[in-house]
Structure formats: structure tokens, C-alpha cells
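First up is the structure itself, then whatever we jot down about it.
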Amino acid sequence: MIRLKNLTKTFYKDGIKIEVLRGLDLEIKKGESLAVLGVSGAGKSTLIHIMGLLDHPTGGVLTINGLNVFDWDERKKANFRNSTIGFVFQFNNLLPEFNAMENIMIPALIGGMPKREAREKACKLLQEVGLEQRLKHKPGELSGGEQQRVAIARALMMEPQILLADEPTGNLDTETGKKIEDILLNLNARQSITLIVVTHNKTLAERMSSRIILHDGKIYDYQ
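Just so you know, we're using my numbering here: the sequence shown kicks off at 18 and counts up by one.
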């Protein structure tokens, strides 16, 4: 489903060349759950941002479903990203002025879904993540774990084939983090969503079907 071939990412800072990703080769199959581990600064977030079409590689090829997505213009990439890829970040990026239901509706409204249909779907997703009693609550009125569940529901709004999560339990206590892990892994199992999680959490990583380590911009097998 997702294939990387000799993928590179280079930055320049104060005239110094920084190679963040150095010729990555990786294949992720449909329905797989993959943990990406590594120390801070190893390039994990850069990699997941490129997979999610939020950043561009410097070189190499990334294909999704056999399509070379970086051959497309920005509009086509944005439409593909909104319809095919869901995102869950460590900092959930919920809009504070909107309530839980409204936050979840945003991707659908951007995609042109009628407001009534988007509202009905958002309510159903809130029920699936156990927050049917919180649909009118704004992010500031929710706990950290509840906010992250809203973020997961928002990521699922367009029924994505791929779910990318960057440290989704990083700001949560152990018990709450375990609940978020369960939701993500159940989605992967029940709906065959391809799940890719950047994490420092080895317990979560070992629950995934496969694991890799990023070190010095290269991929290594998880030991």
C-alpha cells in the first residue's frame, strides 16, 4: 500500500547540510500496524509527515496504492490527503472555539459533505469512542484523554485507508494512554485501517504487527 524507495530528506541550517532521512526503503501493506521508534531527532516525525503528504522528500519515491503522490499538484495532494489519510498528533490540534462535534465535522465540511450528514456522522463517531455525552463540550472542558479521543474521531471522519499517529499517548498518563492504544488497535483490527504510529512507548510498539527503528536517518529492524 505504501512504498518508499531511496527516500531522502535534507535540510540546510546556517549553510550546514543536515541529512534527516538517508535513503529509506520500506513497504507497508494494507491493514498492517507499524510502530516507528527512535530517539528524539531521529527523523520519525519527518517521515510520518512525508507519508501524510504534509512535507516533501528531497529525493526518492513515495507511492500509495501504486500512485506516485508527489507527482501531483498541491490541490490534488490536499484532496487525496483529506479523503485517504487520517492524522492523530501528540498535541491534538483541536480548535478551541468549536465543540467536540464541530471539530470532528471539519474534514467532512472541507470535503463538501452536507452539514446535516456531517453532523450525524460526527455524533456516531463520538459514540464509537465513548464520548456521546460530550458532543457539545469544547476542548477546554475535556480531559486530555477525551481530547485525544475527539482527535481520533476527527481522523476517522472521512473513513481513511491510512491512519498516522505521532506520539498519540505522549501527553497522557499510563491508564489513559492504554485506552487510546486500545482504540487505535481495535480500529486497525476491525476496519483494516493501515496504522502507522510514531512512539517512544515500547509496550505500544510490541502490540503492533511490525516495528522499525530510525537511527541516523536510516531504518533498522527492531530488536
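We put the beta carbon where it would ideally sit given N, CA and C, even for glycine.
_Segments of 4+ residues assigned as alpha helix (DSSP H) that fall wholly inside the stretch 46-106_ = 61-68 and 91-101
_Within 10 Å of its beta-carbon, does serine 62 have 16 or more other beta-carbons around it, so buried, or fewer, so exposed?_
buried
_Using a 10 Å radius around the Cβ and a threshold of 16 neighbouring Cβ atoms, would you call threonine 220 buried or exposed?_
exposed
_For a test of the three-state rule: what should DSSP assign to lysine 22, helix, strand or coil?_
strand
_Member of Gln150, Lys93, Lys196 and Phe108 whose CA lies at the smallest distance from the CA of alanine 168_ = Phe108
*asked:* So, under 8 Å CB-CB, asparagine 82 and glycine 128 are touching, yes? Tell me the CB distance rounded to an integer number of Å.
replied: The pair is not a contact, with the Cβ atoms about 19 Å apart (cut-off 8 Å).
*Does the ligand COA have even one heavy atom less than 8 Å from the beta-carbon of threonine 216?*
Of the ligands one can find in the structure shown there are none, so the ligand COA has no counterpart to examine.
*Label glycine 234 either buried or exposed according to how many other C-beta atoms from any shown protein chain fall within 10 Å of its C-beta, with 16 as the threshold for buried.*
buried
_Our contact map puts phenylalanine 97 next to leucine 70 with C-beta atoms below 8 Å; I'd like the distance itself, whole angstroms only._
7 Å
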